[in-house]
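The numbering of the sequence shown is the working numbering, which starts it at 1 and goes up by one. Contents: one structure, followed by commentary.
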Amino acid sequence: MTLEDARTLLEVAEWTLSHRKRRSTIRQLARTEENYLLFIQELERVESECFRAHSLRAEATLTLVEWLKTLHYFHWYCAYCQIKPFQIMSHYVPLPQGGTTATNCIPACYHCRRCRQKEDEYIRAYLAQLYTDSTCSNALHMLHL
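Structure below.
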């Protein structure tokens, strides 16, 4: 994944926040068929995980933009081992308790997800920063109301 491809995916994700998800337009914005297919795959992953969270009555606020930023932060590799390309979206805190949120979803490979290695400072620091940022932006939003 090149930096330009990552930026393109993020731009398309941000565009879909305020527009209907018309696949023909998304395909044009993605610039390449590879980017388009990757975008659709990650969009479906986020929607599927949010649906699972809703069905368990857990929080389901993760957006595609947030997920792509998380993938970019971990360079599209497993957040745990940082060796293998990521294969799945993993919930740091089990889904029923933690939900599908930006502060609970990280990329993982199948092996690391099975092992559930949670004592990684790199991951905890990233999630803590996200939590701090979201708390601050929620507080700022409340002040502007």
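C-beta: ideal position from N, C-alpha, C; glycine also.
Identified DSSP bridge partners for residue i
i: Ser90; result: Ile106
i: Ala60; result: Thr100
i: Tyr122; result: Note: Tyr122 sits in no beta bridge, so no partner.
i: Tyr131; result: BP columns for Tyr131 are empty, so no partner.
Extent of the continuous alpha helix (DSSP H) to which residue i belongs
i: Gly98; result: Leu95 to Gly98
i: Arg45; result: Glu33 to Ser55
i: Thr8; result: Leu3 to Ser18
i: Ala79; result: Segment: none, Ala79 is in no alpha helix (DSSP H) and carries neither H nor E.
i: Arg27; result: Arg23 to Ala30
Supposed close pair residue i, residue j - CB separation, criterion 8 Å
i: Leu62; j: Glu49; result: 7 Å
Residue i beta carbon near the ligand HEM (any heavy atom closer than 7 Å)
i: Gly99; result: Because no ligand of any kind appears in the structure shown, any question about the ligand HEM cannot be addressed here.
Practice task
Evaluate contact between the region 69-83 and the region 94-106, counting only Cβ atoms and requiring at least three cross-stretch pairs below 8 Å.
Solution key: yes
Exercise for the section: Evaluate the contact criterion for the region 58-68 versus the region 4-20: three or more CB pairs, one atom per stretch, below 8 Å. Expected result: yes
Practice task
Answer yes if the region 22-36 comes into contact with the region 86-96, meaning at least three C-beta pairs across the two stretches below 8 Å, and no otherwise.
Solution key: no
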